[in-house]
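Asker: Questions regarding the structure given below will be posed in turn.
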Amino acid sequence: MTNQTYNVLAVDDEKFSLVLLQSCLRNENYNLTTCDNALQAVKEFKTHDFDVILLDVMLGSIDGFEVRKLIREYNQKIPIIFLTSLLDDINSSLINRISDDQYSYYLNKSFQKKQLMEKIEHAVRVYREESDAARFYKQLNVDLLLAREVQRVLLPPWCSLNKHMLTTYLYEPCFRISGDSLDLVELGSGKYLLFLADIAGHGIQSALYMSAIQSFLKALRLEMVEQAWLPNVILNRINQFFCNDLSGGSYMTCLVAIFDYPKQRLVFQSAGHPGLICCSRREQRAYEIDMGDKGGVPVGWFARTVYQEEDNVYYELDPGDIILGYTDGLIDLKNDREETVATPLLLSLLTSLMEKSTFLPLPYLLRSALDQIGYNIVPDDVCIVEVRGVPKGDDNILQLINLSKGDVSRGVEHFWRFVEERTHDNELATRVELLLSEFLNNVIEYECANRPGLRSGILVQICLREPDTVFVTVLDREPKSDQDKLQLSRDAADVFEQQNKAMASSGRGLAIIRTISSNIMRKHFNGLNQTEFLIRSAQPWSVQS
1 MTNQTYNVLA VDDEKFSLVL LQSCLRNENY NLTTCDNALQ AVKEFKTHDF
51 DVILLDVMLG SIDGFEVRKL IREYNQKIPI IFLTSLLDDI NSSLINRISD
101 DQYSYYLNKS FQKKQLMEKI EHAVRVYREE SDAARFYKQL NVDLLLAREV
151 QRVLLPPWCS LNKHMLTTYL YEPCFRISGD SLDLVELGSG KYLLFLADIA
201 GHGIQSALYM SAIQSFLKAL RLEMVEQAWL PNVILNRINQ FFCNDLSGGS
251 YMTCLVAIFD YPKQRLVFQS AGHPGLICCS RREQRAYEID MGDKGGVPVG
301 WFARTVYQEE DNVYYELDPG DIILGYTDGL IDLKNDREET VATPLLLSLL
351 TSLMEKSTFL PLPYLLRSAL DQIGYNIVPD DVCIVEVRGV PKGDDNILQL
401 INLSKGDVSR GVEHFWRFVE ERTHDNELAT RVELLLSEFL NNVIEYECAN
451 RPGLRSGILV QICLREPDTV FVTVLDREPK SDQDKLQLSR DAADVFEQQN
501 KAMASSGRGL AIIRTISSNI MRKHFNGLNQ TEFLIRSAQP WSVQS
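Those letters in the sequence shown? Residues 1 to 545, per the UniProt record's numbering, in order.
Printed below as a string of C-alpha cells:
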C-alpha cells in the first residue's frame, strides 16, 4: 500500500456501516469523515477537499444516485465508490446505473478490509493521475500560447514597404506554433536579405530553434561588413552556429537570398530548400528560377559542411518581377483524394493570379485559390513570401499605414495632397481624405481593441483613372483566430453595418462612406481583407504629370 494520505467522505444512514468503515480505515493513511444523511454529506463536500467518496445506494428519502448528481454539479471527476448489499437483477441494472458515470465504482458491503483499501487506492490513483495530466496539459497549452506570441513578435510585419520594394508573406502554423522561419533584413545601399527556413519537426522545440536563428541573424547584421554579404558566407555562419551552439540534433532546410535593387540583381543559395519562383510580367508567366545542380545539404547535417560561392545562383531582375519563396508545407497541402499540390498547378495558378495582382499579395491570393479548389488539408506548416519592386506611376500611390490614429492622419493628408496636385480638384481630394479617414480609423479601433499586441499595418493604394474616377484599395489582415469573431457578409452595405457595430465607431462612418463612394466591394483571401472604393468626380479632369 502507498504511504499517501487520502481524505475520504463516507455517507450511509446505517450507523453500523459507518462504524465498520471507521474500524477498517483506522490506523491507516486515511482521514475519514462520516455523514448519515445526504444533505450533511453535500455540505461537507462543498466545504472540504476529499479524494474519494464512499456512498450507500439507499439513503432513505434520497438515494445515492441523487447524491451523486448533486456532487457532479461541483466536481465531475471525483471518484465515488457505491457500497451496497442490494442484489442486482438479471439485466445488471444496478451495475449499469453505477457505470453510467465514468468515475463511479461498485463494492459489495460484504467486503474485506484489503478489498476496500485496494478499491480506494485504485480509484484515487486514477483520479490523481488524470488531474495531474489535466494540469500538465493546461500548463502546456499556456506555454504553447506564450510560444506563439513570442514567435509573432519575432516575425517581421506581414507587409513591408520602402522605396525599393514591397514584401508580404503568409505564415500558417500547422498547430499553433510553427517550425518555419522567416526574416527580412535591410543591409544598406539598397540591399536586402531574405531568409526562409523549415526546421525539422514541430512544436516548441522548433519554435525555439527559430527564435535562436533569427536572433543570430540580427547579431550577424551588426558584425559583418557589407562586402561579406553573400549567401554561401551566411549559410556557413548559420551552420556553425546551428552545429556548435545549438547542439540539439536537429537540422533545417533554408534559403538565403540577397536582393540588390540598384543593380536589379538577385543572388541566392538553397540548402536543401525549395527554390524561388519568378512571376514575370514581361513574359506573362510564372516559372521556377533555374538553379541547375547548385545548392547544398540542409543546415545542421554536418558541422564540417562548407557552402561554396560557386553554388550561388545569380538572376537579373526585371522591374515588374515578383519573386516568390515558400516552404514545402505549400506543396504538401492535400485534397480529399490525398493529392498534393503539383508544381505545374502551382505555376499555372500564379500565372493567372498575376493578371489581377498589380499590388495584391500573391501569397494570400494563392493560398485562397488552393483552398477554393480543395487543397484544404494542412499536414505541415505553410509559409509563402513575395518580394517585388514598388509599383511606380504618376497616376497611383501606395502607402503602408501603421496601426495608430496619428499615422492615419498623416497618411490621409498625404493622399489628399496626391489627388489634389494631380487633378486640381479640391472637392474630390477632400472626399478621398474623408472616406479614408473614416474607414481607416474604424479598422484601427477594431484592431487595437481586439488585438492590442498585433504588429501589423494597413496597405492603401490610390489609382487615378481619367476622366473622372479614383480607385481606392485597402488591405488589412485578419488572423484566422479572429475570423469567427467578426463574420463578414457578402453584401458591402452589411459589411459596413457590422463594422459600425463591431468596431464601436461613432455611427456616422457608414453614411459618410456611402455618400462618397459610388461602389464598394469587399473580398477576403485567407486572412487578408481587401476593400475597394470607387469615387467619381463631379466633372472630368486630366492627370497632371
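Glycine included, C-beta positions come from ideal geometry on N, C-alpha and C.
A quick note: this is a predicted structure, and the numbers were derived from the prediction, not measured.
Three or more C-beta pairs closer than 8 Å, one from the region 186-202 and one from the region 397-417: is that the case here?
Answerer: The region 186-202 vs the region 397-417: no contact.
Asker: What's the gap between the Cα of glycine 527 and the Cα of leucine 170?
Answerer: Counted from its first residue, the sequence shown places residue 527 at position 527. Counted from its first residue, the sequence shown places residue 170 at position 170. Their backbone Cα atoms lie some 9 Å apart in a straight line.
Asker: Grab the span of the beta strand (DSSP E) containing glycine 457 for me, first residue to last.
Answerer: Position 457 of the sequence shown, counted from the first residue, corresponds to residue 457. Per DSSP, glycine 457 belongs to the beta strand (DSSP E) from 457-465.
Asker: Spatial neighbours of serine 104 within its chain, please: CB distance less than 6 Å, with the 5 preceding and 5 following residues excluded, ordered by chain position.
Answerer: One-based indexing of the sequence shown puts residue 104 at position 104. Result list for serine 104: Ile80 and Ile98, in chain order.
Asker: Consult DSSP for lysine 523 and reduce its assignment to one of helix, strand or coil.
Answerer: If you number the sequence shown from 1, residue 523 lands on position 523. Strand, per DSSP.
Asker: Going by beta carbon distance, what residues of the same chain come within less than 7 Å of proline 319, once the five residues before and after it are set aside?
Answerer: Taking the sequence shown and counting its residues from 1, the one referred to as residue 319 is at position 319. For proline 319, where only same-chain residues beyond five positions count, the Cβ hits under 7 Å are Gly389.
Asker: Below 8 Å on the Cβ atoms is my contact criterion, and I expect aspartate 13 with aspartate 36 to pass it. Report the Cβ-Cβ distance as a whole number of Å.
Answerer: As a position in the sequence shown, residue 13 is number 13, starting the count at 1. As a position in the sequence shown, residue 36 is number 36, starting the count at 1. Going by Cβ atoms, the distance from aspartate 13 to aspartate 36 rounds to 5 Å, so yes, they are a contact pair.
Asker: Return the chain-ordered list of same chain residues with a C-beta closer than 6 Å to the C-beta of tyrosine 6, the five sequence neighbours on each side being excluded.
Answerer: The sequence position of residue 6 within the sequence shown is 6, counting from 1. Only Tyr30, Asp51 and Val124 meet the Cβ criterion.
Asker: So is asparagine 239 buried or exposed if we call it buried at 16+ other beta carbons inside 10 Å?
Answerer: Locating residue 239 in the sequence shown gives position 239, where the first residue counts as 1. Buried, because 16 or more other Cβ atoms sit within 10 Å of the Cβ of asparagine 239.
Asker: From lysine 294 to leucine 155, what does the alpha carbon distance come to, in whole angstroms?
Answerer: Looking up residue 294 in the sequence shown gives position 294. Looking up residue 155 in the sequence shown gives position 155. Distance between the alpha carbons of lysine 294 and leucine 155: 29 Å.
Asker: To the nearest whole angstrom, what separates the beta carbons of valine 299 and leucine 235, a pair I think is in contact under 8 Å?
Answerer: Within the sequence shown, numbered from 1, the residue matching residue 299 stands at position 299. Within the sequence shown, numbered from 1, the residue matching residue 235 stands at position 235. 7 Å between Cβ atoms; contact.
Asker: What would DSSP say about leucine 353, mapped onto helix, strand or coil?
Answerer: Along the sequence shown, one-based indexing puts residue 353 at 353. Leucine 353: helix per DSSP, three-state reduction.
Asker: DSSP on glycine 300, reduced to helix/strand/coil?
Answerer: Start at 1 with the first residue of the sequence shown, and residue 300 comes out as number 300. In this structure, glycine 300 counts as coil in the three-state DSSP scheme.
Asker: Can you give me the C-alpha to C-alpha distance between tyrosine 315 and isoleucine 516, rounded to a whole angstrom?
Answerer: The residue given as residue 315 occupies position 315 in the sequence shown. The residue given as residue 516 occupies position 516 in the sequence shown. Straight-line Cα distance between these residues: approximately 46 Å.
Asker: Going by C-alpha distance, which of Ser537, Phe111 and Ala369 is nearest glutamate 466?
Answerer: Indexing the sequence shown from 1 puts residue 466 at position 466. Taking only the C-alpha atoms, the option nearest glutamate 466 is Ser537.
Asker: Which of the three DSSP states is assigned to serine 505 in this structure?
Answerer: Numbered from its first residue, the sequence shown carries residue 505 at position 505. Residue confidence for serine 505 is low, a pLDDT of 45 falling below 50, so the modelled location carries little weight; the figure read from the coordinates is stated next. Residue state, collapsed to three classes: coil.
Asker: Taking the alpha carbon of leucine 83 as the reference point, which residue from Asn96, Asp101, Val57 and Phe65 has its own alpha carbon closest?
Answerer: Numbered from 1 along the sequence shown, position 83 holds the residue referred to as residue 83. Looking at the Cα atoms, Val57 is the closest of the given residues.
Asker: How many Å lie between phenylalanine 471 and isoleucine 277 at the Cα?
Answerer: What you label residue 471 is simply residue 471 of the sequence shown in a count that begins at 1. What you label residue 277 is simply residue 277 of the sequence shown in a count that begins at 1. Those two C-alpha atoms are separated by around 30 Å.
Asker: What residue ranges within the region 349-400 form continuous alpha helix (DSSP H) runs of no fewer than 4 residues, ordered along the chain?
Answerer: Counting only runs of 4 or more, we get 362-372.
Asker: For glycine 453, which of helix, strand or coil comes out of DSSP?
Answerer: Position 453 of the sequence shown holds residue 453. A caution first: glycine 453 carries a pLDDT of 47, below 50, which makes its placement in the model unreliable, though a value can still be read off. Glycine 453: coil per DSSP, three-state reduction.
Asker: Alpha carbons only, please: which of Asp336, His164, Val126 and Gln139 is nearest the one belonging to lysine 263?
Answerer: Counted from its first residue, the sequence shown places residue 263 at position 263. It is His164 whose Cα lies nearest to the Cα of lysine 263.
Asker: Leaving out five residues on either side along the sequence, give the residues of the same chain with a beta carbon under 6 Å from the beta carbon of glutamine 483.
Answerer: As a first step, residue 483 is located in the sequence shown; it is residue number 483 there, counting from the start. Caution applies to glutamine 483, whose pLDDT of 40 falls short of 50 and renders its modelled position unreliable; the model cannot decide the point.
Asker: Can you say whether histidine 273 is buried or exposed, counting buried as having 16 or more other CB atoms within 10 angstroms of its CB?
Answerer: Numbered from its first residue, the sequence shown carries residue 273 at position 273. Buried.
Asker: Report the residue ranges of all beta strand (DSSP E) runs contained in full by the region 407-436; include only those spanning at least 3 residues, in chain order.
Answerer: Within the region 407-436, no complete beta strand (DSSP E) run reaches 3 residues.
Asker: Would you call asparagine 232 buried or exposed, if buried means 16 or more other Cβ atoms sit within 10 Å of its Cβ?
Answerer: Stepping through the sequence shown from its first residue, residue 232 is reached at position 232. With 16 or more other Cβ atoms within 10 Å, it is buried.
Asker: Whole angstroms are fine: how far does the CA of isoleucine 535 sit from the CA of leucine 362?
Answerer: As a first step, residue 362 must be located in the sequence shown, where it is residue number 362. As a first step, residue 535 must be located in the sequence shown, where it is residue number 535. Going by the C-alpha atoms only, they are around 26 Å apart.
Asker: For the alpha helix (DSSP H) holding isoleucine 238, just list the boundary residues, first then last.
Answerer: In the sequence shown, residue 238 corresponds to position 238, counting from 1. That run of the alpha helix (DSSP H) goes 231-240.
Asker: Straight-line CA distance for serine 250 to glycine 201?
Answerer: As a position in the sequence shown, residue 250 is number 250, starting the count at 1. As a position in the sequence shown, residue 201 is number 201, starting the count at 1. Approximately 8 Å between the Cα atoms of the pair.
Asker: Spatial neighbours of residue 561 within its chain, please: C-beta separation below 6 Å, excluding the five flanking residues on both sides.
Answerer: Outside the shown range of the chain (1 to 545) lies residue 561, about which nothing can therefore be said.
Asker: The alpha helix (DSSP H) with valine 341 in it runs from where to where?
Answerer: In the sequence shown, residue 341 corresponds to position 341, counting from 1. Counting along the chain, valine 341 falls outside any alpha helix (DSSP H), and DSSP gives it neither H nor E.
Asker: Rounded C-beta distance between glycine 374 and aspartate 336? I'm assuming under 8 Å.
Answerer: Indexing the sequence shown from 1 puts residue 374 at position 374. Indexing the sequence shown from 1 puts residue 336 at position 336. Glycine 374 to aspartate 336, Cβ: 6 Å. Contact.
Asker: Should glycine 292 go down as buried or exposed, given a rule of 16 or more other Cβ atoms within 10 Å for buried?
Answerer: In the sequence shown, residue 292 corresponds to position 292, counting from 1. Classification of glycine 292: exposed, given that the 10 Å Cβ count is below 16.
Asker: When you compare only the Cα positions, how much space is there between threonine 34 and glycine 64?
Answerer: The sequence position of residue 34 within the sequence shown is 34, counting from 1. The sequence position of residue 64 within the sequence shown is 64, counting from 1. Rounded to whole angstroms, threonine 34 to glycine 64 spans 15 Å at the Cα level.
Asker: Give the range of the beta strand (DSSP E) segment to which serine 160 is assigned.
Answerer: Here residue 160 refers to the residue found at position 160 of the sequence shown. Residues 159-161.
Asker: Evaluate contact between the region 337-345 and the region 278-285, counting only Cβ atoms and requiring at least three cross-stretch pairs below 8 Å.
Answerer: These segments do not touch.
Asker: Is the Cβ-Cβ distance between leucine 360 and leucine 350 less than 8 Å?
Answerer: Sequence index remark: in the sequence shown, residue 360 carries index 360 (1-based). Sequence index remark: in the sequence shown, residue 350 carries index 350 (1-based). Cβ atoms of leucine 360 and leucine 350: not closer than 8 Å.
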